[in-house]
Amino acid sequence: MAVPKRKTSVSKKRMRRSHHKVISSNIIEDKKSGEYKLSHHIDLKSGYYNGKKILDI
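Residue numbering for the sequence shown follows our numbering, beginning at 6 and increasing consecutively.
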């Protein structure tokens, strides 16, 4: 069985774990309705995207 010759330093350990972070979701507050929605998505309740009417609801 392979055994490490030296102890892994704190710096090397943290560099390896740098990608293990928790990613926050991209939820934003809608300017018109004040409700929360995903950014770069159509608001399904009002049908607006980027200030323009996309869906007729």
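We treat Cβ as the ideally placed atom computed from N, Cα and C, and that holds for glycine.
Where does residue i sit, in a helix, a strand or coil, going by DSSP?
i   : result
K17 : helix
I think residue i touches residue j, with their Cβ atoms under 8 Å apart; what is that distance to the nearest whole Å?
i   : j   : result
I47 : I62 : With a Cβ gap of about 10 Å, I47 and I62 do not count as contacting.
Indicate whether at least one CB of chain D lies closer than 7 Å to the CB of residue i.
i   : result
S38 : Looking for chain D here will not work: only one protein chain is present.
Can you list, in chain order, the residues of its chain with a C-beta nearer than 8 Å to that of residue i? Leave out the 5 residues immediately preceding and following it.
i   : result
S38 : D48, K50 and S51
Inter-stretch contact at 8 Å, needing at least 3 Cβ pairs: the region 28-35 / the region 43-52 = yes
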